[in-house]
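In what follows, a structure is listed as structure tokens, so that the remarks can point back to it.
Dropping the structure here:
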């Protein structure tokens, strides 16, 4: 939002740099979680599913462009408004998804609720 609202290109680029740094920090954590919490015989499927789901993010710009061209949200909706809304919605959905998975991973009785030190014993 700060990049879209900036009146100076340097401010917009700085805002985008911060956003990209923060936005992409989750990928290492998610990959490490897959490697540590998913049983070895299921890791390939889990990693493949995780990688395939990134397709949603790659299709989003096409969907936003199609919605803009079709005027699905009205004739006067700006591209920045659609992109801002889509980005915020995607991050909220991702945060909720991570919270659900974290609760399931650490739920009592789940096969992955043991700690790394318990697994080493």
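In the numbering used here, the protein residues as written are 16 to 136.
The beta-carbon is built from N, C-alpha and C at its ideal position, and this holds for glycine as well.
Does the beta-carbon of residue i have 16 or more other beta-carbons within 10 angstroms, so that it is buried, or is it exposed?
| i | result |
| --- | --- |
| residue 52 | buried |
Report the residue from the options whose alpha carbon sits nearest the alpha carbon of residue i.
| i | options | result |
| --- | --- | --- |
| residue 177 | 23, 37, 45 and 71 | Since the displayed the chain opens at 16 and closes at 136, residue 177 lies outside it and no answer follows. |
| residue 76 | 57, 66, 101 and 107 | 101 |
| residue 68 | 117, 112 and 118 | 112 |
| residue 110 | 94, 26, 87 and 38 | 38 |
| residue 35 | 106, 116, 115 and 70 | 106 |
What's the C-alpha gap between residue i and residue j?
| i | j | result |
| --- | --- | --- |
| residue 20 | residue 40 | 24 Å |
| residue 135 | residue 43 | Since pLDDT at residue 135 reaches only 49, below the 50 mark, its modelled position is unreliable, and the value read off the structure follows with that caveat. Answer to the nearest angstrom: the Cα atoms are 22 Å apart. |
| residue 28 | residue 50 | 34 Å |
| residue 103 | residue 72 | 13 Å |
| residue 24 | residue 33 | 14 Å |
| residue 119 | residue 48 | 13 Å |
| residue 114 | residue 108 | 10 Å |
| residue 79 | residue 89 | 13 Å |
| residue 74 | residue 55 | 30 Å |
| residue 91 | residue 64 | 38 Å |
| residue 26 | residue 117 | 35 Å |
Determine the DSSP secondary structure at residue i, reduced to helix, strand or coil.
| i | result |
| --- | --- |
| residue 21 | coil |
Next on the checklist: As an exercise, report each continuous alpha helix (DSSP H) stretch of at least 4 residues that is fully enclosed by the stretch 33–102, in chain order.
Outcome noted: 41–52 and 58–84
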